[in-house]
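Notes follow the structure.
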Amino acid sequence: MVKASSVMSLKTGVPDSYKLFLNPISQIVHVTCGRLDAITLYIKPKSACAATLRLAVYQAADNADYGNEKLLAEETSTIAFEQGKEKMVTFKLNADIPSLYARFTLETDTEVYIGYSLREPPGVTRGIFEDGSFIYDRGHHDEDEAMWVYERGCYSFNLTPASCPFAPQMVVNGVSRYYREPNLWISDPESGLPAWIELDLGREQTVACVHLTFDSDLDSPHIYHADTLVKDYRIQVPGPDGEYADIIREGDNRQRKRIHNFDPLRTNKVRILVTAVYGCESAHVYEIRVYAKRDNIGM
12 MVKASSVMSL KTGVPDSYKL FLNPISQIVH VTCGRLDAIT LYIKPKSACA ATLRLAVYQA
72 ADNADYGNEK LLAEETSTIA FEQGKEKMVT FKLNADIPSL YARFTLETDT EVYIGYSLRE
132 PPGVTRGIFE DGSFIYDRGH HDEDEAMWVY ERGCYSFNLT PASCPFAPQM VVNGVSRYYR
192 EPNLWISDPE SGLPAWIELD LGREQTVACV HLTFDSDLDS PHIYHADTLV KDYRIQVPGP
252 DGEYADIIRE GDNRQRKRIH NFDPLRTNKV RILVTAVYGC ESAHVYEIRV YAKRDNIGM
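Going left to right, the sequence shown walks through residues 12 to 310 as my numbering numbers them.
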């Protein structure tokens, strides 16, 4: 069993910026509860006007499936705006979602701005509208810089009901990177730090080694300064009185993968307490492994 102090739901919240759009836009989101009752977007007018907005939701097999045209739900709303004033526009859908992903598109009959988050939650992707259809925005190759360039961010959104793809159980599913699902635990940023995640071993067992895999944001060109990388953390076990004691304390971590060996001990629980992250208020952990024997490749 795996428990955590908190879990981040899939949303972006208040936009960091706004993008002007007239051509349709599209985005794929992760849906964990099998339903999508509503999507809320942040819209701001280019001028005082009324805009007719159509949001449609389509089936998606994964977060790159922009070709699926199976329509699941849609709603069209005409919204009156005051010049320069943003509105949170909620589209009521009441749709059953048969897979873990859903793609939504948004169309408008007049130019408006849509809220934009400068960092996309893991698993969320944007599409590009080309020649009358959408394709997955994979970025482009910059020949001068000899590197692949991808614009970070996504259209700001909130989902009803909440989607929770960053559950604590992800750290023991055997996958330590994004593949089909995010495969990591993220604590709720609104709860702040410290944050903890705990493995309940079911019974008292010998523990002498812990493997940890953190989120170094492998899509970023600046992986040594990833905002999501855990900086300071502790490995803890409960004492006879139930109070947790540190067996490992680490500060200024710069590595994605850490292996910690220590004198063997008997315990039924192992807790990772994250006290600082380089650039955000959430703990990001891909994987926790616990072993009864020390690892010869200590890191």
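We put the CB at the ideal spot given by N, CA and C, even for glycine.
Note that the structure is predicted; figures quoted are calculated from it, not measured.
Counted as a single uninterrupted DSSP element, the stretch harbouring Gln94 is not any beta strand (DSSP E), since DSSP gives it neither H nor E.
When DSSP reads this structure, Pro249 sits in a beta bridge with Tyr255. DSSP places Pro205 in the coil class of the three-state scheme, outside both helix and strand. Classified as buried, Ala206 has 16 or more neighbouring CB atoms from the shown chains inside 10 Å of its CB.
Per DSSP, the beta-bridge partners of Thr87 are Arg65.
Taking C-beta atoms as the reference points, Leu31 and Tyr124 count as a pair closer than 8 Å. Residue pairing of Met99 in beta bridges, as defined by DSSP: Tyr53. Between Lys22 and Glu209, the gap from beta carbon to beta carbon reaches 8 Å or more. Here the alpha carbons of Val248 and Gln216 stand approximately 12 Å from one another. Collapsing the DSSP output to three states places Gln180 in a helix. The beta carbons of Ala91 and Ala106 sit about 26 Å from each other, so the pair does not count as a contact at 8 Å. In the three-state reduction of the DSSP assignment, Ile108 falls in the coil class, being assigned neither a helical nor a strand state. Going by beta carbons, Asp306 and Asn264 fall outside the 8 Å limit. Around the CB of Gln180, fewer than 16 other CB atoms lie within 10 Å, so the residue is classed as exposed. Gln38 is classed as buried because its beta carbon has at least 16 other beta carbons within 10 Å across all chains shown. Counting only residues of its own chain and dropping the five nearest sequence neighbours on each side, Ala59 has a CB closer than 7 Å to the CB of Phe92, Glu93, Gln94.
Secondary structure at Pro26: coil, using DSSP grouped into helix, strand and coil. Between the segment 272-289 and the segment 216-228 there are three or more inter-stretch CB-CB distances shorter than 8 Å, so the stretches are counted as touching.
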